[in-house]
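Enquirer: Structure below; questions to follow.
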Amino acid sequence: MKIAVCASEGAPYCKSGGLGDVMEALPAALSRIEGNEVALFLPYYYKVKSNAAYITEKIAEFRVSLGWRKQYCAIMKLTNRTDKVTVYFLDNEYYFGGRTGAIYGDMDDGERFAFFSRACLDAMIALEWTPDIIQCNDWQCALIPVYLKALYQAQFPKTRCMYTIHNIEYQGWANASFFDDMLGLPWEYRPRLDMNNSVNVMKGAIETADLVTTVSETYARELMYPYYAHGLDNVLAGNSWKLTGITNGIDTNTFNPETSKSLPAHFNSETFVEGKAQCKAALQKEVGLPVKPDVPLMVMVTRLAGHKGLDLLCYIARRLMWEEDAQLLILGTGETQYESFFKDLAKQFPEQVSAQITFNLGLADRIYAGGDIYLMPSKSEPCGLSQMNAMRYGTVPVVHATGGLKDTVPPCDADGKGGLGFTFQSYNADDFYAAIKRALNLYENDRPAFQALQKKEMETDFSWDVPAGRYMELFNNMLSW
Ligand code: GLC
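Read in order, the letters of the sequence shown correspond to residues 48 to 528 in the working numbering.
Take a look at the structure:
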C-alpha cells in the first residue's frame, strides 16, 4: 500500500510536542509492514534547512495556487535517511525557510499551512506518485481532505484520506474572507468550512475526510461532549460514524533506558532498582536537589499550559511540600503564571523543589529515568505520551483518568496491584492529592510492591506495533469502499 503521511512537524527534524513524536514513530512503524511504501511530507523550516545533519536534494519545482497567488514550491528529498520511510520537505523561503522563530505563532499561520496542505497534493502530482492513502494531521493539514475532494478528484480518484485529530483545541480559525482570498475553493464548500461566520479548517476536514481518527479511544468518546470538543461536538456527532480512536504508542527505540545516550546509567526491567538509583542520584545533583536516595522524587515533564492540570498542582503544592518528605522536579516552559509559580515554589522549598524552566530533551530523558513518581493531572489529554515514556523507564504515573491517560494507565489499588498507576476520576485537587498520597504510601511503606509495579510497567508493550496494525485495518477498510 502506498501511504502518504502529511504533518506540520516530525521528529527528529522539527518538533514542538507530541505530534512531532508521533510523526517520527507512526510512519516508521507503517513502513516496517510488508508491502507498504511510506512517504512523509513536512515543511522545509529554517531549522531543518540550516541543520547540516539533514542532507537533501532538490527533485522538483512547481507553483501552488492560493486564491490569486501562485507560490513557488520545491521538493527537497532527504537523502540520508536509513530506514524505509521517504521524507520530502516542501520548500518555500517566504513561508518556512526564512522564518527563524518557532514552528507556529506567526500572524499568517493560516496562509502558511493552507499553502503547505495544497503543496502536499501538488508534490504528489509532481512526483508522479499516487498514494492509496493520505493520512494527515491536525489543523495545519486540515485542508488536504478538502482540496482532495474539491479540486483533485481527477488526479486522485481512488485515493482515500484519513484525518487525525491530535488536539481539538487548535482548529485553525480564520476570517470569512480567508475562504475567497486564500483558498480558491468552489463556493459549495463554503458551508462545510463555515462556523459562526468564520472559516474553521478542522471542521472542513471532519466534513470531507473519508475517516476521522483521534489518538485514543476514550478521547474519541469524550469528543461527543461540549466540555471536550471546543465547539465541534455537533460537527463530530453528525460525523460520528467515521470517528475512531486509536491509542498512540511510543517510539521504544528512542525511549529506551537500556540505550539512551542521555543517561548516566542504563537499566532494564531486571536491573532497574540499581540503575534507577544511580540515575536518581545524578539527577538530584544535576538539578540542585539534595541527593537523598530514599526520599521519593516526583517529576513532571510538560508544557506549562492550562489544560495540563497545573492549576491542581499549584493548589496543593505548598501543602504537599509541608506535609510530605518528598521532592518535586518540574521541567518545561509555557504560560508565565505557571513559570513564576514554580520558580517561587523552588525558592520557598529549595531542599524539596526544583523548577527547570527550559526545553531540554536530554534532561527530559534523565527525568523519566531518575524519577520515582510521574505526575500528569491533565484536564483533558487526547493521548499523552510522557506517561508511557515514564512507565517505560519504571516511573510510576499518577494521572487524571481522562483521554489517553485513562486508556494507557489502568488504575491500581492502594497495594499497587491490578493496574499500572494511580488515577483520580474527577478533576479536583484533593482527589489528585489523595492519588499522590497513595503512590507515596506505597513507596514509603511497601517498597517491594512499589518495585513490582515498576517492573510491570517496564514490561508493558507501549510500542507502535499494535496501533500501526489498527491504522492498517482502517486504511484497508477505506480502500474497500
Ligand atoms: C497532542 C496531544 C497529546 C497527544 C499528542 C500526540 O500533543 O495534546 O495528548 O499525545 O498530540 O498524538
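Glycine included, C-beta positions come from ideal geometry on N, C-alpha and C.
Let me check you understand the geometry: is the CB of G381 closer than 7 Å to at least one non-hydrogen atom of the ligand FAD?
Expert: No copy of the ligand FAD occurs in the structure displayed; its ligands are the ligand GLC alone.
Enquirer: Helix, strand or coil for H354 per DSSP?
Expert: As a position in the sequence shown, residue 354 is number 307, starting the count at 1. If DSSP states are grouped into helix, strand and coil, H354 belongs with the helices.
Enquirer: What's the gap between the Cα of T255 and the Cα of L487?
Expert: Position 208 of the sequence shown holds residue 255. Position 440 of the sequence shown holds residue 487. Cα to Cα, the separation comes out at about 49 Å.
Enquirer: Please list, following the chain, all residues that have a C-beta closer than 7 Å to any non-hydrogen atom of the ligand GLC.
Expert: G64, G65, L66, D68, V69, H213, N214, V262, N295, E428, P429, C430, G431, L432, G450 and G451
Enquirer: According to DSSP, is D241 part of a helix, a strand, or is it coil?
Expert: By 1-based counting over the sequence shown, the position of residue 241 is 194. D241 falls in the strand class under three-state DSSP.
Enquirer: For a test of the three-state rule: what should DSSP assign to D454, helix, strand or coil?
Expert: Against the sequence shown, residue 454 aligns to sequence position 407. D454: helix per DSSP, three-state reduction.
Enquirer: Could you tell me the distance, in whole angstroms, from the CA atom of L232 to the CA atom of V193?
Expert: On the sequence shown, residue 232 is found 185 positions in, with the first residue counted as 1. On the sequence shown, residue 193 is found 146 positions in, with the first residue counted as 1. Their backbone Cα atoms lie some 9 Å apart in a straight line.
Enquirer: Taking DSSP's pairing of strands, which residues face S63 in a bridge?
Expert: In the sequence shown, the residue the question calls residue 63 occupies position 16. Its beta-bridge partners do not exist; DSSP assigns none.
Enquirer: H447 and G353 - do their beta-carbons sit closer together than 8 Å?
Expert: Stepping through the sequence shown from its first residue, residue 353 is reached at position 306. Stepping through the sequence shown from its first residue, residue 447 is reached at position 400. No; because the gap between Cβ atoms is not below 8 Å, this pair is not in contact.
Enquirer: Using a Cβ-Cβ cutoff of less than 6 Å, which residues in the same chain neighbour F396 once the five nearest sequence positions on both sides are dropped?
Expert: The sequence position of residue 396 within the sequence shown is 349, counting from 1. Closer than 6 Å at the Cβ level, and outside the excluded window around F396, lie M368.
Enquirer: Beta-carbon of Y92 versus every beta-carbon of chain D: anything under 8 Å?
Expert: In the structure shown, chain D does not exist; there is a single protein chain.
Enquirer: When the Cα atoms are used, what is the spatial distance from F88 to K453?
Expert: Numbered from 1 along the sequence shown, position 41 holds the residue referred to as residue 88. Numbered from 1 along the sequence shown, position 406 holds the residue referred to as residue 453. Going by the C-alpha atoms only, they are around 31 Å apart.
Enquirer: Kindly provide the ranges of any alpha helix (DSSP H) runs that are 4 or more residues long and lie completely inside the segment 373-402, ordered along the chain.
Expert: For the segment 373-402, whole alpha helix (DSSP H) runs of length 4 or above, ordered along the chain, are 383-395.
Enquirer: Measure from the alpha carbon of L422 to the alpha carbon of each residue in I377, G381, L410 and S387, then state which is nearest.
Expert: The residue labelled residue 422 in the question sits at position 375 within the sequence shown. Comparing Cα positions, the closest option is I377.
Enquirer: Under 8 Å between the Cβ atoms of G450 and E269?
Expert: Working through the sequence shown from its first residue, we reach residue 450 at position 403. Working through the sequence shown from its first residue, we reach residue 269 at position 222. Yes.
Enquirer: In chain order, what residues of the same chain have a beta carbon less than 6 Å from the beta carbon of N315, not counting five sequence neighbours either side?
Expert: Here the question's residue 315 lines up with position 268 in the sequence shown. E305, listed in sequence order.
Enquirer: According to DSSP, is V262 helix, strand or coil?
Expert: Residue numbering aside, residue 262 sits at position 215 when the sequence shown is read from its first letter. It is coil, neither helix nor strand.
Enquirer: Below 8 Å between beta carbons: does that hold for S76 and A515?
Expert: As a first step, residue 76 must be located in the sequence shown, where it is residue number 29. As a first step, residue 515 must be located in the sequence shown, where it is residue number 468. It should be pointed out that residue 76 corresponds to Ala in this sequence rather than to Ser. Taking 8 Å as the Cβ cut-off, A76 and A515 qualify as a contacting pair.
Enquirer: Determine the contact status of D412 and D68, defining contact as a CB-CB distance below 8 Å.
Expert: As a first step, residue 412 must be located in the sequence shown, where it is residue number 365. As a first step, residue 68 must be located in the sequence shown, where it is residue number 21. Cβ atoms of D412 and D68: not closer than 8 Å.
Enquirer: Once DSSP output is grouped into helix, strand and coil, what is the label at F226?
Expert: Numbered from its first residue, the sequence shown carries residue 226 at position 179. Annotated three-state conformation of F226 is helix, per DSSP.
Enquirer: For a quick check, are the C-beta atoms of R146 and Y210 less than 8 Å apart?
Expert: Residue numbering aside, residue 146 sits at position 99 when the sequence shown is read from its first letter. Residue numbering aside, residue 210 sits at position 163 when the sequence shown is read from its first letter. No. Outside cutoff.
Enquirer: Here's a check: name, in chain order, each residue in its chain whose Cβ is nearer than 7 Å to the Cβ of D138, leaving out the five neighbours to either side.
Expert: The count along the sequence shown starts at 1 and reaches residue 138 at position 91. Hits under 7 Å: Y91, C120, A121, M123 and G144.
Enquirer: Report the partner residues of V52 according to the DSSP bridge assignment.
Expert: Stepping through the sequence shown from its first residue, residue 52 is reached at position 5. Answer is L87 and Q182, bridged to V52.
Enquirer: List the residues that DSSP assigns as beta-bridge partners of R247.
Expert: Locating residue 247 in the sequence shown gives position 200, where the first residue counts as 1. The sequence shown places Asn at residue 247, not Arg. N247 is bridged to W220.
Enquirer: With DSSP as the reference, label C430 as helix, strand or coil.
Expert: Taking the first residue of the sequence shown as 1, we reach residue 430 at position 383. Note: C430 maps to coil in three-state DSSP.
Enquirer: Three-state secondary structure (DSSP) at Q200?
Expert: Stepping through the sequence shown from its first residue, residue 200 is reached at position 153. Reduced to three states, the DSSP call for Q200 is coil.
Enquirer: Cα separation between R165 and D508?
Expert: As a first step, residue 165 is located in the sequence shown; it is residue number 118 there, counting from the start. As a first step, residue 508 is located in the sequence shown; it is residue number 461 there, counting from the start. Pairing R165 with D508, the inter-Cα distance amounts to about 37 Å.
Enquirer: By the three-class DSSP mapping on this structure, what secondary structure does F406 have?
Expert: If you number the sequence shown from 1, residue 406 lands on position 359. In this structure, F406 counts as coil in the three-state DSSP scheme.
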